[in-house]
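Chains as they are written, first to last, in the working numbering: chain A, 401 to 818; chain B, 183 to 375.
Remarks on the structure that follows.
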């Protein structure tokens with residue numbers, strides 16, 4: 401149906417070869433904000449099971465995990481990126497770097513999803529990578545240049561028309577001239593202060609000097625936070641290159657985030673990063689540092705900000721650390737309490753590829769952190785080919801975790817039994 | 183003679199007469215190991231932000247790689263990739279990707295008359311290029327097409343034909359054209375690996 405609207409509109413635009421300004425894509429957001437129906441009635445359903453699922457299950461036989469853990473296919477979800485598990489445990493929303501958000505439902509609670517369909521099919525999304533939930537069940541979706549909110553999404557998602565509102569209207573998240581496709585996988589989380597925190601990657605390998613003032617003003621190459629009514633926007637974090645995962649420590653409430661570092665400096669530098677922020681406005685060193693304490697060639701002669709905060713964990717270079725989650729469940733052994741599960745998407749420019757695995761980071765009482773592989777085997781070392789590329793980690797109410805994979809187009813569930 | 187050409191191409195199986203490539207596809211196959219995580223070995227993209235490049239005209243691929251290398255076209259990843267390639271490698275890898283065959287088909291029930299009229303003379307109804315210098319658009323992610331059109335519109339990417347075309351388009355028209363070509367089913371038939 402959406403297709404048909406798009407086609408009809410395209411036809412009217414291009415009739416006679418002239419670009420008539422009159423034809424507008426119907427702004428269904430206006431209708432949905434006014435609780436009106438849009439006339440769109442069709443969902444896209446994704447087949448579960450079948451040959452495709454069998455292929456993925458075969459890959460999962462290769463995955464190694466610590467004793468007692470097991471990994472299984474939870475759902476086939478095309479282009480699966482960041483996830484938001486509904487607070488009622490009814491549905492998990494999954495973002496993509498394309499134009500869909502998927503809703504994933506396990507109706508019979510056998511811990512395998514039985515229905516995957518697109519969410520709010522009457523809306524036109526652009527890179528809706530980042531869904532997140534507030535405790536009271538509001539779903540937020542951070543896109544390329546907009547943030548929408550959906551009250552009670554867990555109950556209304558069964559209808560193609562869900563009430564939808566702007567948190568940040570299209571074109572107000574960043575100046576439209578600064579839009580890009582790369583480094584635009586935005587992630588959102590609600591902090592312990594009840595504000596929404598949204599990462600905004602900067603689009604360059606190394607941010608150029610003539611952009612820094614503009615970027616700092618908007619929080620591009622940083623993290624912004626705002627109140628859940630859209631007011632009070634401020635830049636919370638500076639000096640990030642491209643963060644694609646953050647979460648709040650369950651005990652201290654501090655913000656932790658991953659950051660992807662500069663390319664083209666060699667196989668083994670600069671390191672990837674896991675960072676901890678202890679106060680508003682801290683600077684994490686980009687573009688003076690390319691990752692860890694490795695200086696970028698572009699800013700070699702320049703004085704970095706005096707208060708630059710170094711990462712808590714330097715990860716292997718180019719592994720692409722993305723989504724992360726602090727474990728608060730009761731299913732896993734005690735030592736995993738408040739550990740960070742994070743995904744490494746896998747390198748693209750290293751002579752010997754690394755990554756495509758799930759990592760775990762243990763944090764001691766002094767705040768020292770140590771990272772180690774938790775689930776690996778998606779990289780076929782013989783051929784250098786990826787069989788899957790993990791993106792994000794989320795936790796189900798039973799304490800098991802979900803891992804998304806945008807290459808295979810799947811969610812996996814990792815559980816533990818003694 | 184035909185046989186000699188095939189051997190010269192490192193055993194590549196090509197349908198019909200073998201087109202003459204300025205690069206060496208077999209050597210390009212090795213260079214493509216640097217590209218496969220994003221564009222696949224056969225040029226069918228593996229990540230949404232990267233375009234399909236299998237079966238594109240060789241001259242188009244060469245021109246884009248040189249534009250990334252010179253800085254005329256800028257992209258966070260491709261600028262890094264191209265800066266590390268020699269002239270020879272650029273030609274070879276372009277020949278490798280050009281040697282594959284791209285095919286496209288409209289999804290069932292789509293009326294070809296609804297194709298964006300202003301584009302079809304060069305990019306085809308189904309997004310397989312008809313114009314010498316133009317790339318295929320079939321099956322690219324809609325946001326990729328959208329991003330490139332906006333780059334032409336804002337002068338971040340320059341091309342004498344495309345800048346003028348994109349400047350005349352609203353954001354909604356851009357998205358509608360992008361949605362049309364993105365909806366096309368696209369396939370790359372690999373040359374022998």
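Note that beta-carbon positions come from the ideal geometry of N, C-alpha and C, so glycine has one too.
It should be emphasised that the depicted structure is a prediction, and the values quoted were computed from it without experimental measurement.
> In chain A, which residues lie less than 7 Å from residue 345/B when you measure between Cβ atoms?
Replying inline: Those do not exist, as residue 345/B stays about 14 Å from chain A at its closest Cβ, beyond 7 Å.
>> Measuring alpha carbon to alpha carbon, tell me which residue in 499/A, 548/A, 736/A, 694/A is nearest residue 524/A.
In response: 499/A
> To which residues of the same chain is residue 635/A closer than 6 Å at the C-beta, ignoring the five residues directly before and after it?
Replying inline: 619, 622, 624
>> Using only the alpha-carbon positions, how far apart do residue 366/B and residue 532/A sit?
In response: 32 Å
> Going by beta carbon distance, what residues of the same chain come within less than 6 Å of residue 799/A, once the five residues before and after it are set aside?
Replying inline: 729, 730, 731
> With 16 other CB atoms within 10 Å as the buried threshold, where does residue 464/A fall?
Replying inline: exposed
> Run through DSSP, which three-state label would residue 217/B get?
Replying inline: coil
>> I need the straight-line Cα distance from residue 322/B to residue 675/A, nearest angstrom please.
In response: 35 Å
>> Please report the straight-line C-alpha distance between residue 564/A and residue 437/A, rounded to a whole angstrom.
In response: 12 Å
>> As an exercise, report each continuous beta strand (DSSP E) stretch of at least 3 residues that is fully enclosed by the region 226-304 of chain B, in chain order.
In response: 283-287
> Are the C-beta of residue 257/B and some C-beta of chain A separated by less than 9 Å?
Replying inline: yes
> Which term fits residue 449/A, buried or exposed, when burial requires 16 or more other beta carbons within 10 angstroms of its beta carbon?
Replying inline: exposed
> Helix, strand or coil: which one does DSSP assign to residue 763/A?
Replying inline: strand
>> I want to know whether the region 778-788 of chain A touches the region 439-448 of chain A - three or more CB-CB distances under 8 Å.
In response: no
> Out of 329/B, 354/B, 213/B, 369/B, which has the shortest C-alpha to C-alpha gap to residue 270/B?
Replying inline: 213/B
> Which runs of the beta strand (DSSP E) fall wholly inside the region 633-696 of chain A and span at least 3 residues, in chain order?
Replying inline: 634-638, 646-648, 655-659, 672-677, 689-691
> In angstroms, rounded to a whole number, what distance separates the CA positions of residue 478/A and residue 790/A?
Replying inline: 13 Å
> DSSP three-state call for residue 474/A: helix, strand or coil?
Replying inline: strand
>> I'd like to know whether the C-beta of residue 621/A is nearer than 9 Å to at least one C-beta of chain B.
In response: no
> Taking contact to mean at least 3 C-beta pairs separated by less than 8 Å, is the region 348-366 of chain B in contact with the region 272-284 of chain B?
Replying inline: no
> Using 9 Å as the limit for Cβ to Cβ distance, is residue 786/A near chain B?
Replying inline: yes
>> For residue 574/A, which residues in the same chain have their Cβ closer than 8 Å to its Cβ, ignoring the five residues on either side in sequence?
In response: 545, 600, 618, 620
> If we cut at 9 Å on Cβ distances, does residue 172/B have a partner in chain A?
Replying inline: Here chain B has residues from 183 to 375 only, and residue 172/B is not among them.
> Under the rule that 16 or more other beta-carbon atoms within 10 Å means buried, what is residue 324/B, buried or exposed?
Replying inline: buried
> Are residue 682/A and residue 707/A closer than 9 Å when you measure CB to CB?
Replying inline: yes
> What are the partner residues of residue 530/A, as DSSP defines its beta bridges?
Replying inline: 542/A
>> Can you tell me whether residue 768/A is buried or exposed? The criterion is at least 16 other CB atoms within 10 Å of its CB, across all chains shown.
In response: exposed
>> Considering only their Cβ atoms, is the gap separating residue 793/A from residue 758/A smaller than 9 Å?
In response: yes
>> Quick check on the DSSP output: what are the complete beta strand (DSSP E) runs of length 3 or more inside the region 589-637 of chain A, in order along the chain?
In response: 596-600, 622-626
> Smallest Cα separation from residue 643/A: which of 435/A, 587/A, 442/A?
Replying inline: 587/A
> Do you know whose CA, among 254/B, 252/B, 237/B, 308/B, lies nearest residue 283/B's CA?
Replying inline: 237/B
> Counting only runs that start and end within the region 335-368 of chain B, where is the alpha helix (DSSP H) found for 4 or more residues in a row?
Replying inline: 342-349, 353-364
>> Using the three-state DSSP reduction, which class does residue 448/A fall into: helix, strand or coil?
In response: coil
> Comparing alpha-carbon positions, which option in 343/B, 351/B, 250/B lies nearest residue 305/B?
Replying inline: 343/B
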